[in-house]
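Here is the structure we will look at, set down as structure tokens.
Numbering (this note's numbering), first residue to last: 504 to 651.
Rendered as structure tokens:
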């Protein structure tokens with residue numbers, strides 16, 4: 504039996520379709536994060552991006568997200584190796600670190616719902632959209648103790 508592409512290819516060697524299929528649909532990238540300016544420490548919030556659909560855990564305008572949301576980070580094979588806030592369970596991070604995907608990842612399970620069934624996604628855990636917050640300090644009310 505042939506090994507799956509994420510075990511045989513580097514991130515750089517993946518086709519665009521393979522690259523996109525690595526996203527597990529957890530939605531954690533689409534949560535607002537706060538960074539301590541002094542220490543660089545990242546704090547997670549339960550605030551979703553203005554384009555985030557909290558029911559599907561997907562971007563509502565993925566093709567145009569980088570133009571519509573100035574601080575949206577488009578993942579690349581280069582930057583996934585340096586972005587410190589990528590979730591511990593992120594497939595891009597795992598593959599970059601030479602690790603395998605978890606059993607609930609859709610490429611392993613064959614079902615896009617297993618990430619939600621396993622409780623990995625943020626479905627049902629978004630407390631606000633960034634469009635609902637008037638002031639930067641409002642984010643502090645939505646801070647999480649740890650990565651969701």
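Ideal Cβ positions, reconstructed from N, Cα and C, are used throughout, including at glycine.
It should be emphasised that the depicted structure is a prediction, and the values quoted were computed from it without experimental measurement.
- Ranking 529, 556, 507 by CA distance to the CA of residue 620 puts 529 first.
- Taking the Cβ atoms as the reference, residue 549 lies roughly 6 Å from residue 628, within the contact range of under 8 Å.
- Taking the Cα of residue 510 as reference, the smallest distance to any Cα among 650, 646, 595 is reached at 595.
- Residue 554 holds the alpha-carbon nearest to the alpha-carbon of residue 571 among 587, 554, 536.
- Distance between residue 618 and residue 624, taken at the CA atoms: about 6 Å.
- Taking the C-beta atoms as reference points, residue 547 is found nearer than 8 Å to residue 651.
- Exclusion of the five residues before and after residue 538 leaves 545 as the residues of its chain whose Cβ lies within less than 6 Å of its Cβ.
- C-alpha of residue 584 to C-alpha of residue 599: approximately 6 Å in a straight line.
- Collapsing the DSSP output to three states places residue 509 in a helix.
- Straight across, the Cα-Cα distance linking residue 535 with residue 552 is about 7 Å.
- Rounded to the nearest angstrom, the gap between the Cα atoms of residue 646 and residue 531 is 14 Å.
- Under DSSP, residue 546 forms a beta bridge with 537.
- A residue is called buried when at least 16 other Cβ atoms come within 10 angstroms of its Cβ; residue 633 meets this threshold and is buried.
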